[in-house]
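Student: Heads up, the sequence shown is in our numbering, so the first residue is 192 and it goes up one at a time.
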Amino acid sequence: MAMQALVSARQAPAVRRSLASGARFLSTRAAIARRGASVRTTVALQAPRHRVAPPTGFARRRCFSDFINDFEEGARLRLAFAAACLPHPDKVAKGGEDAYFASTARRAFAVADGVGGWAENGVDPGEFSRQLLRFSHEVFAESGDASTTVDLRKALHEGMRRLRGTSTQGGTTALLGQLTDNSLCILNLGDSGVMVLRPALRTPPGAGPLLFPRVVFRSSDQTHYFNCPYQLGSSAVPTEEPDIIRVLVRPGDLVVAGTDGVFDNLFDHQVQAIVARHLGNAWRTGASVEPHLQGLATSITKQAQRIGQQEDSKDVITPFALAAHSEGLPFRGGKLDDTTVVVGLVVVDEGSDACDPEKPPPEKADKLPEIHNFIR
Numbered sequence: 192m193a194m195q196a197l198v199s200a201r202q203a204p205a206v207r208r209s210l211a212s213g214a215r216f217l218s219t220r221a222a223i224a225r226r227g228a229s230v231r232t233t234v235a236l237q238a239p240r241h242r243v244a245p246p247t248g249f250a251r252r253r254c255f256s257d258f259i260n261d262f263e264e265g266a267r268l269r270l271a272f273a274a275a276c277l278p279h280p281d282k283v284a285k286g287g288e289d290a291y292f293a294s295t296a297r298r299a300f301a302v303a304d305g306v307g308g309w310a311e312n313g314v315d316p317g318e319f320s321r322q323l324l325r326f327s328h329e330v331f332a333e334s335g336d337a338s339t340t341v342d343l344r345k346a347l348h349e350g351m352r353r354l355r356g357t358s359t360q361g362g363t364t365a366l367l368g369q370l371t372d373n374s375l376c377i378l379n380l381g382d383s384g385v386m387v388l389r390p391a392l393r394t395p396p397g398a399g400p401l402l403f404p405r406v407v408f409r410s411s412d413q414t415h416y417f418n419c420p421y422q423l424g425s426s427a428v429p430t431e432e433p434d435i436i437r438v439l440v441r442p443g444d445l446v447v448a449g450t451d452g453v454f455d456n457l458f459d460h461q462v463q464a465i466v467a468r469h470l471g472n473a474w475r476t477g478a479s480v481e482p483h484l485q486g487l488a489t490s491i492t493k494q495a496q497r498i499g500q501q502e503d504s505k506d507v508i509t510p511f512a513l514a515a516h517s518e519g520l521p522f523r524g525g526k527l528d529d530t531t532v533v534v535g536l537v538v539v540d541e542g543s544d545a546c547d548p549e550k551p552p553p554e555k556a557d558k559l560p561e562i563h564n565f566i567r
């Protein structure tokens, strides 16, 4: 099927909602502008006119971020994972259209979003995205020792080649990642997203020092135009080139990878705030962060879907709405969709010795990753 047909099917709901809400948008635009100007004026009056030095005596305060400062260069690193997925309410019975996996042994993860336009032809887009990631994971599992670095482009293309050998129809976006030493390699094709957050010291005026997740890296969407992402498909449409990025990481860094259902509804600063709420106390007290990862992943997906359910709400502004507005579509509100996230915490691998009984055993070629939704 031609790409244009897929794109129109996926874009149509957003366009219809955009036209319906256009009048409301225009009628409230002036009021919003006045309110925005007022807010900007207030902030300008309160903000310092020059850069401010840190509070005096700060250097004498006890350092409480020991897990950050004790990092030894050359130490073996691993990723501690958690994941969560909330299907669109109308797609719960079939498990949604998103796919994901996370492998501690391979230090690898992925998310994919099946292109919903295929559903109008009786195809399950979720089956396509899940099979693609399952075949791509097989490439990791077949690569030998768990420490082997896998070419992510090869893993994606080989997964796609195996998928085309089946009768499965559909299309999907894809995001894959793997940690090697202190380098995180990321492949992104489409409009899923990934952030790398680092606990950073902040000292707000009148308050004590705290750790807040600073954005070290944020991926960019690959789209032909609004709501039309680059994608892999069973049709003969040529595949665009994915982005390949490498980010140097350190213990304490947090990787947040999600499908567009997350990042269409949550701004980056909202993700940062959720992370701070779940991990801030552990950072402050020096407690283990890993036990909080599952709660964090669940909160991100729930909050994204909560905002997505507020479709056509004139009081809700989302990244999806701003993207529509930038292309002349007066869309307001959330975008209800599957919401899927994989979070990975960079930690020192204390069990790096091959004889360590606590070290995750290498995955065999026929073994599934620890975290996945390949099977409904």
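Each residue gets a CB set at the ideal place from its N, CA and C atoms; glycine is no exception.
So Ala365 and Leu380 are supposed to be a Cβ contact under 8 Å. How far apart are they, rounded?
Tutor: Confirmed, about 5 Å.
Student: Among Leu268, Arg441, Arg297 and Leu487, which has the Cα closest to the Cα of Thr340?
Tutor: The option with the nearest alpha carbon to Thr340 is Arg297.
Student: Report all residues from its chain with a CB closer than 6 Å to the CB of Gln393; omit the five preceding and five following residues, and keep chain order.
Tutor: Reading off the sequence shown, one finds Arg at residue 393, where the question assumed Gln. So the qualifying residues of the chain are Leu401 and Phe403.
Student: Within the same chain, show all residues whose beta-carbon is closer than 7 Å to that of Ala228, passing over the 5 residues directly before and after it, in chain order.
Tutor: Residue confidence for Ala228 is low, a pLDDT of 40 falling below 50, so the modelled location carries little weight and cannot support an answer.
Student: Out of Cys376, Leu445 and Gln360, state which residue places its alpha-carbon closest to the alpha-carbon of Asn312.
Tutor: Of the listed residues, the one whose Cα sits closest to Asn312 is Gln360.
Student: Under DSSP, the beta strand (DSSP E) around Gln461 begins and ends at which residues?
Tutor: Segment Asp459 to Thr476 is the alpha helix (DSSP H) holding Gln461; no beta strand (DSSP E) there.
Student: My output table needs one value for Ser410: the three-state DSSP class, helix, strand or coil.
Tutor: Reduced to three states, the DSSP call for Ser410 is coil.
Student: Quick check for students: name the residue ranges of the alpha helix (DSSP H) that lie wholly in the region 320-403, counting only runs of 4 or more.
Tutor: Complete alpha helix (DSSP H) runs here, min 4: 343-355.
Student: Looking only at its own chain, which residues have a Cβ that is under 8 Å from the Cβ of Gly519, when we skip the five neighbours before and after it?
Tutor: Nothing meets the Cβ criterion.
Student: Excluding the 5 residues preceding and the 5 following Gly399 in the sequence, name in chain order all residues of the same chain whose CB lies nearer than 7 Å to its CB.
Tutor: Correct list: empty, nothing qualifies.
Student: So for Val533, helix, strand or coil by DSSP?
Tutor: Strand at Val533.
Student: For Ser426, which beta-bridge partners are listed by DSSP?
Tutor: Bridge partners of Ser426: none, in fact.
Student: Can you round the beta-carbon distance between Gly384 and Phe319 to whole angstroms, since I take them to be within the 8 Å contact cut?
Tutor: Between Phe319 and Gly384 the Cβ distance is about 20 Å, and since that is not below 8 Å, they are no contact.
Student: Would you call the CB atoms of Leu487 and Ile465 closer than 8 Å?
Tutor: Against a cut-off of 8 Å, the Cβ pair of Ile465 and Leu487 comes out as a contact.
Student: What is the residue span of the beta strand (DSSP E) that Ser591 lies within?
Tutor: Because residue 591 is not part of the residues shown, which for the chain are 192 to 567, the question remains open.
Student: I need the boundaries of the beta strand (DSSP E) containing Ala301, first residue and last residue.
Tutor: Unbroken beta strand (DSSP E) run through Ala301: Ala299 to Asp304.
Student: By the DSSP assignment, the alpha helix (DSSP H) with Val453 in it spans what residues?
Tutor: Asp451 to Phe454 is the span of the alpha helix (DSSP H), which, as asked, contains Val453.
Student: Going straight from the alpha carbon of Leu559 to that of His328, what length do you get?
Tutor: Between Leu559 and His328, the C-alpha separation is close to 8 Å.
Student: Would you say the region 278-287 touches the region 521-531, given that touching needs at least three Cβ pairs under 8 Å?
Tutor: Result yes; three or more Cβ-Cβ pairs closer than 8 Å.
Student: Give me the Cα-Cα distance between Arg523 and Ile377, rounded to the nearest whole angstrom.
Tutor: Cα to Cα, the separation comes out at about 31 Å.
Student: Between the alpha carbons of Ala391 and Ala271, how many angstroms are there, rounded?
Tutor: The straight-line gap from Cα to Cα measures roughly 20 Å.
Student: By the 10 Å Cβ neighbour count, where 16 or more other Cβ atoms means buried, how is Thr233 classified, buried or exposed?
Tutor: In this prediction, Thr233 has a pLDDT of 37, which is less than 50 and means its spatial position is unreliable; nothing more can be read from the coordinates.
Student: Where do the ends of the alpha helix (DSSP H) carrying Ile491 lie?
Tutor: Its alpha helix (DSSP H) spans residues Leu484 to Gly499.
Student: Considering just the uninterrupted stretch of the beta strand (DSSP E) at Ala273, what are its terminal residues?
Tutor: Note, Ala273: beta strand (DSSP E), Leu268 to Leu277.
Student: Quick one: what's got a C-beta closer than 6 Å to Ser334's C-beta in the same chain, skipping five residues either side?
Tutor: Taken in chain order, the residues that qualify are Val341.
Student: Where does Pro420 sit, in a helix, a strand or coil, going by DSSP?
Tutor: Strand.
Student: For Glu561, does the three-state DSSP call read helix, strand or coil?
Tutor: Looking at Glu561 - three-state DSSP - the assignment turns out to be coil, as it is neither helix nor strand.
Student: Taking the alpha carbon of Phe458 as the point to measure from, which residue in Met386, Ala310 and Arg352 has its own alpha carbon closest?
Tutor: Out of Met386, Ala310 and Arg352, Met386 has the C-alpha closest to the C-alpha of Phe458.
Student: Identify the residues that DSSP records as bridge partners of Glu502: which are they?
Tutor: The partner list for Glu502 (beta bridge, DSSP) reads Gly524.
Student: Evaluate Pro395 with the Cβ neighbour count: other Cβ atoms within 10 Å of its Cβ, from every protein chain shown; 16 or more gives buried, anything less gives exposed.
Tutor: Flag for Pro395 reads exposed.
Student: Would you report the Cα separation of Trp474 and Ala293, rounded to the nearest angstrom?
Tutor: So the alpha carbons of these two residues sit roughly 24 Å apart.
Student: Comparing C-alpha positions only, which one of Ala274, Gly362 and Lys345 sits nearest to Gly317?
Tutor: Among Ala274, Gly362 and Lys345, the Cα nearest to that of Gly317 belongs to Gly362.
Student: Assuming the contact rule is C-beta atoms closer than 8 Å, Lys505 and Leu277 should be a hit. Round their C-beta distance to whole Å, please.
Tutor: At roughly 25 Å, the Cβ-Cβ gap does not stay under 8 Å, so Lys505 and Leu277 are not in contact.
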